[in-house]
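Engineer: Position in the sequence shown (first residue = 1) + 1 = the working numbering.
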Amino acid sequence: MYIRTGAIVAATLVLGACSTPFNNPAETSQTRQIPEVVAAMAARDQDLQSARLVPEDSCYWYLHAGPVETTLVPLRSSRGNPICAAPAV
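#1: Which ranges would you report for the beta strand (DSSP E) in the region 33-74 if only whole runs of at least 3 residues count?
#2: For Ala43, count neighbouring Cβ atoms within 10 angstroms of its own Cβ and tell me buried if that reaches 16, exposed if not.
#3: Please state whether DSSP places Ser79 in a helix, a strand or coil.
#4: For Leu64, count neighbouring Cβ atoms within 10 angstroms of its own Cβ and tell me buried if that reaches 16, exposed if not.
#5: Identify which residue in Leu73, Ser79, Pro88 and Tyr61 has its Cα closest to the Cα of Pro36.
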């Protein structure tokens with residue numbers, strides 16, 4: 002039991018160390034503006050200036066600057082749901 006838990010913790014630490022930080026200011030300044038409809042749906046306290054549509058999941062994400070690191074976080078509506086684009090038909 003302890004070996005399995007230790008292996009999971011070790012794998013999490015190894016994979017976490019391989020992540021790429023999203024704190025490149027040039028990257029955020031080159032993003033396109035999000036549509037006004039998306040901005041109107043977004044809950045408060047989210048950085049709409051850094052929001053962008055991610056093609057892999059067709060959802061909007063923004064850069065959240067936390068006390069330790071800056072990471073991409075899903076843009077959420079006031080009800081807490083992720084804001085995604087409608088699939089192309």
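We treat Cβ as the ideally placed atom computed from N, Cα and C, and that holds for glycine.
Structural biologist: In brief:
#1: 53-55 and 60-66
#2: Burial is judged here by how many other beta carbons sit within 10 angstroms of a residue's own beta carbon; Ala43 has at least 16 and is buried.
#3: coil
#4: buried
#5: Closest in C-alpha terms to Pro36, from the list Leu73, Ser79, Pro88 and Tyr61, comes Tyr61.
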